[in-house]
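Colleague: So that we are looking at the same thing, I have put the structure below in structure tokens.
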Amino acid sequence: MTEQNQEEFQLEISEKASELIEQYAKKTNRKPEDVIEYVLTEFLQNQLHVIEKRAKEVDEPMDKLVSMQFERVLEYLNSQTES
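All you need for this note's numbering is the position in the sequence shown, starting with 1, plus 19.
Structure follows, in structure tokens:
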């Protein structure tokens with residue numbers, strides 16, 4: 020039996036991330052909270068084990084790396100839906 024030891028994290032939404040959320044929400048006709056949930060469930064949830072490992076390797080708080088990756092995903096999504 021394997022034990023999954025995924026840490027809890029707090030997502031810090033920067034001003035830039037807020038702008039990216041708003042942009043993507045407008046482009047896709049979604050509510051901002053739906054965009055946040057989409058990114059968390061479809062992208063970050065699957066990356067948590069890698070982010071956790073990386074946080075330990077570079078001795079950075081997991082919250083910081085999750086927030087950075089959250090912003091990167093939003094940048095990517097916005098670039099894929101350029102209008």
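All residues carry an ideal CB built from backbone N, CA and C; glycine is no exception.
Report the three-state DSSP secondary structure of R49 (helix, strand or coil).
Modeller: Counted from its first residue, the sequence shown places residue 49 at position 30. The answer is coil: DSSP assigns R49 none of H, G, I, E or B.
Colleague: Where does T100 fall in DSSP's three states?
Modeller: Against the sequence shown, residue 100 aligns to sequence position 81. In this structure, T100 counts as coil in the three-state DSSP scheme.
Colleague: Around the Cβ of T21, are there at least 16 other Cβ atoms within 10 angstroms (buried) or fewer (exposed)?
Modeller: Translated into the one-based positions of the sequence shown, residue 21 becomes position 2. Only weak support exists for where T21 lies, its pLDDT of 37 falling under 50; the value from the coordinates is given anyway. Per the 10 Å Cβ criterion, exposed.
Colleague: Alpha carbon to alpha carbon, how far is F62 from E34?
Modeller: Indexing the sequence shown from 1 puts residue 62 at position 43. Indexing the sequence shown from 1 puts residue 34 at position 15. Spanning the two alpha carbons is a distance of roughly 20 Å.
Colleague: Going by the CB atoms, is the gap between M87 and E71 shorter than 7 Å?
Modeller: Numbered from its first residue, the sequence shown carries residue 71 at position 52. Numbered from its first residue, the sequence shown carries residue 87 at position 68. No, they are not a contact pair.
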